[in-house]
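One structure is given here, and the rest of the page talks about it.
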Amino acid sequence: MPIKIPDQLPSRDILENENIFVMTEYRAMHQDIRPLRLLILNLMPTKVVTETQLLRKLSNTPLQIEVEFLKTISHSSKNTDPEHLESFYTTFDAVRDSHYDGMIITGAPVENLEFEDVDYWSELCDIMEWTSHNVFSTMHICWGAQAGLYYHHGVPKYSLGPKLSGVFSHTVLKPQSPFFRGFDDTFYMPHSRYTGVLEEDIRAVPELELLSVSDEAGVFAVKTADNRRVYVTGHPEYDADTLALEYSRDVAKGLPIDMPKNYFPGDDPSAAPSVRWRAHGQLMYSNWLNYYVYQSTPYDIQAIKTLE
Numbered sequence: 113m114p115i116k117i118p119d120q121l122p123s124r125d126i127l128e129n130e131n132i133f134v135m136t137e138y139r140a141m142h143q144d145i146r147p148l149r150l151l152i153l154n155l156m157p158t159k160v161v162t163e164t165q166l167l168r169k170l171s172n173t174p175l176q177i178e179v180e181f182l183k184t185i186s187h188s189s190k191n192t193d194p195e196h197l198e199s200f201y202t203t204f205d206a207v208r209d210s211h212y213d214g215m216i217i218t219g220a221p222v223e224n225l226e227f228e229d230v231d232y233w234s235e236l237c238d239i240m241e242w243t244s245h246n247v248f249s250t251m252h253i254c255w256g257a258q259a260g261l262y263y264h265h266g267v268p269k270y271s272l273g274p275k276l277s278g279v280f281s282h283t284v285l286k287p288q289s290p291f292f293r294g295f296d297d298t299f300y301m302p303h304s305r306y307t308g309v310l311e312e313d314i315r316a317v318p319e320l321e322l323l324s325v326s327d328e329a330g331v332f333a334v335k336t337a338d339n340r341r342v343y344v345t346g347h348p349e350y351d352a353d354t355l356a357l358e359y360s361r362d363v364a365k366g367l368p369i370d371m372p373k374n375y376f377p378g379d380d381p382s383a384a385p386s387v388r389w390r391a392h393g394q395l396m397y398s399n400w401l402n403y404y405v406y407q408s409t410p411y412d413i414q415a416i417k418t419l420e
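In my numbering, the protein residues as written are 113 to 420.
What follows is the structure, given as structure tokens:
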């Protein structure tokens with residue numbers, strides 16, 4: 113089944129060239145089923161790249177998904193064409209009275225700032241509070257996961273010193289969890305961040321369940337007992353070259369950055385990276401959509417506000 117997107121979204125051509133089944137709004141209007149409503153708060157500076165990465169993962173499911181993109185109004189993106197944001201992004205005020213089956217809150221390159229020092233923190237807090245009543249299940253990614261753990265559960269983040277960048281092995285702690293259904297006992301995922309959360313802090317919060325950890329990268333996946341919030345500290349949606357592009361960017365800026373670990377063959381940055389996370393990354397998004405959104409959300413989407 114397809115993923116429903118705006119007719120003129122730039123990533124449409126990219127996805128169709130990859131034989132990914134997308135459906136335009138016009139075609140979807142002629143189908144007599146209720147699609148899942150999904151809202152994506154895209155906090156990444158490279159909006160179009162992140163849109164494409166997420167849509168690629170969300171599309172491989174036997175569900176029709178209606179996707180909307182959300183932007184903050186308290187922060188102006190310097191890396192995205194304003195016309196693109198105007199055409200394809202909405203604001204919180206415009207969706208405040210709406211309800212969604214699922215939501216994704218992305219990461220952002222602001223880890224080295226205190227949460228309260230991020231210019232859109234107050235707006236983000238309003239959005240995260242709103243999800244408690246208007247979204248059935250929300251997935252938080254990377255810094256978005258740290259922000260959600262801090263806001264909803266009081267879990268602090270800690271500086272890691274040098275940037276954690278690379279592809280790391282992870283262990284599934286709860287293989288019976290639907291979130292990891294079909295996963296191998298160990299799997300690889302990319303990480304790219306300066307901060308993290310501690311396992312002991314997660315375990316100290318009764319409503320949180322620790323699902324997966326990495327010896328090198330630490331906490332990876334956490335969820336609430338009611339499945340309404342999922343926190344993923346890595347980037348299962350990353351493309352093959354994303355870490356390489358980030359590394360080249362940081363080197364060009366003269367930042368004291370280490371080469372991504374377990375990424376370039378022979379630690380040769382001129383060599384094409386070997387992808388070891390694509391299948392598990394795809395499976396994780398599919399599992400979230402299937403088990404925590406589609407099979408659990410009420411058919412009457414307005415009923416979400418009564419679920420606590």
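Built from N, CA and C at the ideal position, the CB exists for glycine as well.
These numbers come from a predicted model, not from an experiment.
Whose C-alpha, out of the options, is nearest the C-alpha of residue i?
i, options, result
"K417", "S244, G378, G256", "S244"
"S289", "V342, E178, E241", "V342"
"L302", "K335, N172, H392", "What sits at residue 302 in the sequence shown is Pro, not Leu. With distances taken between Cα atoms, P302 lies closest to H392."
"F295", "T162, V317, I177, S398", "S398"
"H347", "T336, L401, V279, Q407", "V279"
"T173", "D231, N402, P274", "N402"
"G405", "V247, F204, E226, D119", "Before going on, a small fix: residue 405 reads as Val here, not Gly. Measuring from the Cα of V405, the nearest candidate turns out to be V247."
"L395", "L182, S210, K169", "K169"
"D412", "E235, L182, Y212", "Y212"
"T192", "A364, P368, A316, E163", "E163"
"A329", "T184, A337, P274", "P274"
"L197", "N339, Q176, P157", "P157"
"L320", "W400, D338, R305", "D338"
"T409", "D119, G214, L151", "G214"
"F227", "A415, N129, A259", "A259"
"F299", "E311, T283, R305", "T283"
"Y375", "P368, S304, K269, S210", "S304"
"R208", "N129, E241, T218, F332", "E241"
Per DSSP, what kind of secondary structure is residue i in: helix, strand or coil?
i, result
"Y411", "coil"
"E195", "helix"
"E321", "strand"
"G219", "coil"
"D144", "With a pLDDT of 48 at D144, under the threshold of 50, the predicted position of this residue should be treated as unreliable, and no value is reported."
"T164", "helix"
"E180", "strand"
"D119", "coil"
"D209", "coil"
"Y201", "strand"
"I185", "coil"
"R388", "coil"
"L175", "coil"
"L151", "strand"
"K169", "helix"
"K373", "strand"
"M113", "Because M113 sits at a pLDDT of 49, beneath the cut-off of 50, its placement in the model cannot be relied upon, and the following sentence gives the value as read from the coordinates. Coil."
"N129", "helix"
Assuming residue i and residue j make a contact with CB atoms under 8 Å, what is their CB distance in whole Å?
i, j, result
"D370", "S277", "7 Å"
"P372", "L355", "5 Å"
"K159", "S123", "Contact doesn't hold; Cβ gap of about 10 Å is too wide."
"I216", "L166", "6 Å"
"D313", "V267", "5 Å"
"L148", "E178", "7 Å"
"I239", "F200", "With a Cβ gap of about 18 Å, I239 and F200 do not count as contacting."
"T184", "Y232", "4 Å"
"S271", "T307", "6 Å"
"E180", "T202", "6 Å"
"L153", "L182", "4 Å"
"L127", "S171", "7 Å"
Using a beta-carbon distance below 8 Å, is residue i in contact with chain B?
i, result
"P381", "Judged by its chain identifiers, the structure shown contains no chain B, having just a single protein chain."
At 3 residues or longer, and completely inside the region 253-286: list those beta strand (DSSP E) runs for me, N to C.
270-284
Cβ contact check for the region 340-354 and the region 378-397: 3 or more pairs under 8 Å:
yes
Counting beta carbon pairs with one atom in the region 354-361 and one in the region 313-325, are three or more of them shorter than 8 Å?
no
Under 8 Å: do the region 248-260 and the region 222-229 share three or more Cβ pairs, one atom per stretch?
yes
Report the start-end ranges of each alpha helix (DSSP H) in the region 289-370 that is 4 residues or longer and not cut off at the edges.
311-315, 354-364
In chain order, what are the residue ranges of uninterrupted alpha helix (DSSP H) at least 4 long that sit wholly in the region 227-254?
233-246
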